[in-house]
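Engineer: Under full-length UniProt numbering, the sequence shown is numbered contiguously, ending at residue 227.
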Amino acid sequence: MFLRSVYLAIALLAFASTPSNADSPSSPEDLEELPTTLSLTSAMQDPSMHLVKDYILGDPAAQQKTYVKVFQSNTKPSGSTLAKRDSSPPTTPLNGGKHIDLTPAPCTSKACYPGSFAGPHKTDCDVIVAAQFNSTGLLTAFPGTWVFVHSGTCVVVFQHPVGKPEYNYILDYKWSSLGNIMLELMKKCMSKPSAQSIGGACKIKRYQEFKFQNVLISLQRYIDPTQ
Numbered sequence: 001m002f003l004r005s006v007y008l009a010i011a012l013l014a015f016a017s018t019p020s021n022a023d024s025p026s027s028p029e030d031l032e033e034l035p036t037t038l039s040l041t042s043a044m045q046d047p048s049m050h051l052v053k054d055y056i057l058g059d060p061a062a063q064q065k066t067y068v069k070v071f072q073s074n075t076k077p078s079g080s081t082l083a084k085r086d087s088s089p090p091t092t093p094l095n096g097g098k099h100i101d102l103t104p105a106p107c108t109s110k111a112c113y114p115g116s117f118a119g120p121h122k123t124d125c126d127v128i129v130a131a132q133f134n135s136t137g138l139l140t141a142f143p144g145t146w147v148f149v150h151s152g153t154c155v156v157v158f159q160h161p162v163g164k165p166e167y168n169y170i171l172d173y174k175w176s177s178l179g180n181i182m183l184e185l186m187k188k189c190m191s192k193p194s195a196q197s198i199g200g201a202c203k204i205k206r207y208q209e210f211k212f213q214n215v216l217i218s219l220q221r222y223i224d225p226t227q
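Structure representation (structure tokens):
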């Protein structure tokens, strides 16, 4: 726990002290490169999506908690779910049931979402980053999975939609790496108010010999769909 706390402090210090390029707007090409993101409200209202997981990430006794909601599309291949690596395999293997550890994969492209209304608060995003750095293990996303991690006004989304058969691998991803991507997007898109950004996204199109379709990590403002 002490080492993870030190790691978090170093990461947040680097985010605060590193020169930012947030005032350089994303090019139209960057924005066109990114697929459409899905908000939590849209997921809850979409009849083709259903909630399969809902739990607290990190310390359940924390004053400000971080929540995880996992949705799956009805169009996913049979047997898909989101689970730990040691869970039972799906009843219909995808690409032979092959798992790919996507953790080391860099973003193929990153872009900020322009907008003049309020984006997520940095302090809320910091809470999510801390919860991810203090959580061990992997999330495992089968095709047709959307993972929403939110606290306060901030939400980060890991999406792995169903694509063409050759893209339908089972993806493993470390929670701490999701926190690192959040820090990169916060530095790029949120560090200067003049950037007028409401969030950003990281697209991963390829890793080693593997290619993916619309795998995206996006940072958004969280709006409580029940209010």
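All C-beta atoms in this analysis are idealised placements derived from N, C-alpha and C, irrespective of residue type, glycine included.
Need the endpoints of the beta strand (DSSP E) that Q72 sits in, please.
Structural biologist: Element bounds for Q72: 66-73.
Engineer: Would S197 pass as a contact of C112 if the rule is Cβ separation under 9 angstroms?
Structural biologist: Result yes, Cβ atoms of S197 and C112 sit closer than 9 angstroms.
Engineer: Measure the C-alpha to C-alpha separation of T103 and I204 and round it to an integer number of angstroms.
Structural biologist: Going from the Cα of T103 to the Cα of I204 covers about 11 angstroms.
Engineer: Where do the ends of the beta strand (DSSP E) carrying S197 lie?
Structural biologist: 197-203 is the extent of the beta strand (DSSP E) around S197.
Engineer: To which residues of the same chain is W175 closer than 6 angstroms at the C-beta, ignoring the five residues directly before and after it?
Structural biologist: Excluding positions up to five away in sequence, the list reads Q132, S135.
Engineer: Output the boundary residues of the alpha helix (DSSP H) element that contains C125.
Structural biologist: It spans 122-133 - the alpha helix (DSSP H) in which C125 sits, taken as one unbroken run.
Engineer: What do you reckon, are the CB atoms on V162 and S218 nearer than 9 angstroms?
Structural biologist: Going by C-beta atoms, V162 is not nearer than 9 angstroms to S218.
Engineer: For S39, collect the residues of the same chain with a Cβ closer than 7 angstroms to its Cβ; drop the 5 residues on either side in sequence, then sort them by chain order.
Structural biologist: Same-chain partners within the cutoff: Q220.
Engineer: In or out: G137 buried (at least 16 other Cβ within 10 Å) or exposed?
Structural biologist: It counts as exposed.
Engineer: Looking only at DSSP bridge pairs, what is I56 linked to?
Structural biologist: Beta-bridge pairing links I56 to Y67.
Engineer: Does L183 pass the burial test, meaning 16 or more other C-beta atoms within 10 Å, or should it be called exposed?
Structural biologist: Buried, because 16 or more other Cβ atoms sit within 10 Å of the Cβ of L183.
Engineer: Candidates F142, L185, K65, P120: which alpha carbon is nearest I101's?
Structural biologist: The question names Ile, yet the displayed sequence has Asp at residue 101. Taking only the C-alpha atoms, the option nearest D101 is F142.
Engineer: Report the partner residues of P114 according to the DSSP bridge assignment.
Structural biologist: P114 pairs with S197.
Engineer: Alpha carbon to alpha carbon, how far is S177 from K211? Give it in angstroms, no decimals.
Structural biologist: Rounded to whole angstroms, K211 to S177 spans 19 angstroms at the Cα level.
Engineer: Just to confirm before moving on: does the CB-CB distance between T41 and I223 stay below 9 angstroms?
Structural biologist: Cβ distance < 9 angstroms, so T41 and I223 count as in contact.
Engineer: Write down the C-beta distance between V149 and V68 rounded to the nearest angstrom, noting that I regard them as a contact closer than 8 angstroms.
Structural biologist: Contact flag correct, Cβ pair sits at about 5 angstroms.
Engineer: Which residue from S48, P120, V147 puts its Cα closest to that of L185?
Structural biologist: That would be P120, whose Cα lies nearest to the Cα of L185.
Engineer: Quick check on DSSP: helix, strand or coil for S177?
Structural biologist: In the structure shown, S177 sits in a helix (DSSP, three-state: H, G or I).
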